[in-house]
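K.L.:
My questions will all concern the structure given below.
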Amino acid sequence: MAIPPLVAPGPELTVEQRARYARHILLPQIGLEGQRRLANARVLVVGAGGLGSPALMYLAAAGVGTIGVVDDDVVDASNLQRQVVHGIADVGRLKTESAAETVAAINPLVTVVRHDLRLTSENALEILADYDVVLDGADNFPTRYLVNDACVFLGLPHVWGSIYRFDGQVSVWFAGVGPCYRCVFPDPPPPDAVPSCATGGVLGVLCAAIGSVQVAEAVKLIVGQGEPLVGRLLVHDSLRQTWDSLTVRANPECPVCGESPTVTSLVDYEQFCGMPGASAGTASPETAVAGTNGVDTSAGSSTQRPYRVGEVSATELAAMLAARDRGDTEFELVDVREPGEREVVSIPGARAIHLDEFRSGAAPAQLPRGIPVVVMCKSGVRSAEAAGLLAAAGHDDVSNLAGGVLAWVHDVDPSLPTY
Ligand SMILES: [Zn+2]
């Protein structure tokens with residue numbers, strides 16, 4: 446889907462600008478006019494961390510005229526493995542200060558606007574309103590939902606990225622044109638269910654892979670060329686070195702951008718994410734794991750009805766399995782756990798498709814269309830991610846086993862072992 450240029454061309458380029466941006470100007474899709482749009486553009490980068498680092502540097506090199514950066518954090522030695530906008534001499538300095546210096550060293554023709562603060566419900570609208578596009582490199586869910594909702598209210602496109610260990614996701618949310626983040630991720634994951642890069646680790650260079658896609662999308666939006674990632678969710682696995690593109694759709698029942706929105710102003714996002722009292726939406730380094738639980742997209746059918754991932758209890762599943770054994774019903778039960786876990790305890794009749802197969806996009810093709818699918822894991826967290834990815838891929842009857850195999854043992858067959 447082509448989208449008109451977001452930004453009008455600025456003044457004629459100077460001789461210095463023509464020389465610097467010659468390799469862009471040579472591209473028919475950018476040219477002098479596109480470069481003038483870039484020079485006139487205002488892009489806000491939320492977080493000068495893992496994703497923000499490459500993003501800031503390439504936005505600067507590309508000649509984006511005004512680059513805002515939001516962060517209240519200081520550089521830590523453990524950041525340097527991936528946050529390449531900072532160096533060893535910057536440890537202890539504000540990330541915005543360090544990032545602004547690096548950007549100026551790359552390209553003094555661009556202006557950096559520092560926002561040395563945490564983005565909150567109180568300040569987000571005022572800050573974001575000054576920009577044409579927002580590039581979200583936040584590392585936490587409250588900030589992601591805050592940025593999304595603020596972008597919806599302001600009508601801004603929102604280039605979002607997320608990384609964890611070896612996996613990354615990236616998309617462009619743009620309410621009114623395609624889905625917003627909440628259309629696809631309506632519910633935040635339980636706060637204790639989601640490890641962050643601080644606890645789970647992250648491959649440093651993954652930041653460059655995802656952050657550079659975010660910049661490419663921002664540039665495309667500004668100059669109005671190509672097919673932006675609106676309505677598509679890119680899922681990257683750097684271990685397999687695969688990129689999969691999932692179609693995602695706007696949800697007419699989305700609480701923010703749907704037909705009858707229930708969220709009409711910014712709310713308390715820490716409370717929404719179930720972490721009252723937690724530190725405020727920090728906009729900094731590496732992103733936490735992409736919580737795809739409850740992916741909510743249309744079914745991919747001609748009716749395009751909105752679809753929400755369902756939930757079944759262990760006792761409901763037992764009844765479903767008994768009915769399937771009698772030939773009264775048909776559905777697939779899929780176990781997304783590790784082989785060793787399945788050897789400890791399994792639910793009879795489950796077939797194994799590892800979570801990685803869902804993340805890589807290979808799983809949907811292994812499951813017949815038109816037959817309900819129930820996914821399960823140990824406690825229901827990993828299977829919620831798998832269910833979300835399956836729904837995003839167009840399977841229209843997907844449920845998650847609440848509580849996982851542990852609930853099965855507790856409620857259905859206590860003779861089985863647990864782990
Ligand atoms: Zn929405």
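Note that the sequence shown covers residues 446 to 864 in this note's numbering. We put the beta carbon where it would ideally sit given N, CA and C, even for glycine.
#1: Less than 8 Å between the CB of residue 620 and some heavy atom of ligand 1, yes or no?
#2: Let me check understanding here. Comparing Cα to Cα, which of 585, 503, 679 lies closest to residue 550?
#3: Strictly by DSSP, which residues pair up with residue 821?
#4: In chain order, what residues place their C-beta within less than 7 Å of a heavy atom belonging to ligand 1?
#5: Using the beta-carbon count (16 or more within 10 Å), is residue 422 buried or exposed?
#6: In the DSSP assignment, find the unbroken beta strand (DSSP E) run with residue 448 in it and report its ends.
#7: Measuring only the C-alpha atoms, how far is residue 653 from residue 646?
#8: Please classify residue 595: is it buried, with 16 or more other beta-carbons within 10 angstroms of its beta-carbon, or exposed?
#9: Leaving out the 5 sequence neighbours to the left and right, which residues in its chain are closer than 8 Å to residue 649 when beta-carbon positions are compared?
#10: Take residue 701 as the anchor and find which of 797, 618, 786, 545 has the nearest alpha-carbon.
#11: Within the same chain, show all residues whose beta-carbon is closer than 6 Å to that of residue 601, passing over the 5 residues directly before and after it, in chain order.
#12: Ignore the nearest five residues each way along the sequence and tell me which others in residue 590's own chain have a CB closer than 8 Å to its CB.
#13: Between the Cα of residue 695 and the Cα atoms of 597, 820, 773, which residue gives the shortest distance?
#14: At which residue ranges does the segment 468-553 contain complete beta strand (DSSP E) runs of 3 or more residues, listed in the order of the chain?
#15: Please report how far the alpha carbon of residue 723 lies from the alpha carbon of residue 457, in whole angstroms.
#16: Applying the criterion that 16 or more other CB atoms from any shown protein chain within 10 Å of the CB defines a buried residue, is residue 686 buried or exposed?
#17: Since residue 846 sits in a beta bridge, which residues does DSSP pair it with?
#18: Can you give me the Cβ contacts of residue 867 inside the same chain, cut-off strictly under 8 Å, excluding the 5 residues immediately before and after it?
#19: Determine the contact status of residue 477 and residue 509, defining contact as a CB-CB distance below 9 Å.
#20: Look up residue 463 in the DSSP assignment and say whether it is helix, strand or coil.
#21: With respect to the alpha helix (DSSP H) encompassing residue 834, which residues constitute its N-terminal and C-terminal limits?
#22: For residue 505 and residue 707, I'd like the C-alpha separation in whole angstroms.
#23: Which class does residue 771 belong to by DSSP, given the choice of helix, strand or coil?
#24: If you draw a straight line from the C-alpha of residue 608 to the C-alpha of residue 655, how long is it?
#25: Since residue 559 contacts residue 514 with CB under 8 Å, what's their CB separation in whole angstroms?
#26: Over what stretch of residues does the alpha helix (DSSP H) that includes residue 658 continue unbroken?
#27: Are there 16 or more other CB atoms within 10 angstroms of the CB of residue 490, so buried, or fewer, so exposed?
#28: Thinking C-beta only, is residue 452 closer than 9 Å to residue 612?
#29: Based on Cα-Cα distance, which residue from 544, 812, 789 lies nearest to residue 860?
#30: First and last residue of the beta strand (DSSP E) that includes residue 559?
P.N.:
Quick look at the numbers:
#1: Yes - ligand 1 has a heavy atom lying nearer than 8 Å to the Cβ of residue 620.
#2: For the set 585, 503, 679, the Cα lying nearest the Cα of residue 550 is the one of 503.
#3: Residue 821 is bridged by DSSP to 780.
#4: The filter returns 597, 620, 624, 625, 627, 628, 695, 696, 699, 701, 702, 703, in chain order.
#5: Residue 422 cannot be examined here, being either before or after the span of the chain that is shown, 446 to 864.
#6: Taken as a continuous stretch (DSSP letters only), residue 448 belongs to no beta strand (DSSP E), as it is neither H nor E.
#7: Across the structure, residue 653 and residue 646 are spaced so that their CA atoms are roughly 16 Å apart.
#8: By the neighbour-count criterion, in which 16 or more other beta carbons inside 10 Å mark a residue as buried, residue 595 falls on the buried side.
#9: If you ignore the 5 residues before and after residue 649, its C-beta comes within less than 8 Å of the C-beta of 495, 526, 527, all in its own chain and listed in chain order.
#10: Here the closest residue by C-alpha is 618.
#11: Taken in chain order, the residues that qualify are 579.
#12: Result list for residue 590: 626, 627, 633, 714, 717, 718, in chain order.
#13: That would be 597, whose Cα lies nearest to the Cα of residue 695.
#14: DSSP runs (the beta strand (DSSP E)) wholly in the segment 468-553: 487-491, 511-515.
#15: Reliability of the predicted coordinates at residue 723 is poor, the pLDDT of 41 falling under 50, and the value obtained from them is presented with this limitation in mind. Each residue's Cα considered, the two are about 48 Å apart.
#16: Flag for residue 686 reads exposed.
#17: According to DSSP, residue 846 bridges with 757.
#18: In the structure as shown, the chain begins at 446 and stops at 864. Residue 867 is therefore absent and cannot be evaluated.
#19: The Cβ-Cβ distance between residue 477 and residue 509 does not fall below 9 Å.
#20: Under the three-state reduction of DSSP, residue 463 is assigned to helix.
#21: Secondary structure note for residue 834: its alpha helix (DSSP H) is the uninterrupted segment 826-837.
#22: In a straight line, the C-alpha of residue 505 is about 38 Å away from that of residue 707.
#23: It is coil, neither helix nor strand.
#24: A direct Cα-to-Cα measurement between residue 608 and residue 655 gives close to 8 Å.
#25: So it is a contact: roughly 6 Å between Cβ atoms.
#26: DSSP places residue 658 in the uninterrupted alpha helix (DSSP H) bounded by 651-668.
#27: Classification for residue 490: buried.
#28: In terms of Cβ geometry, residue 612 and residue 452 do not form a close pair [threshold 9 Å].
#29: 789 is the residue among 544, 812, 789 whose C-alpha sits nearest the C-alpha of residue 860.
#30: That run of the beta strand (DSSP E) goes 556-560.
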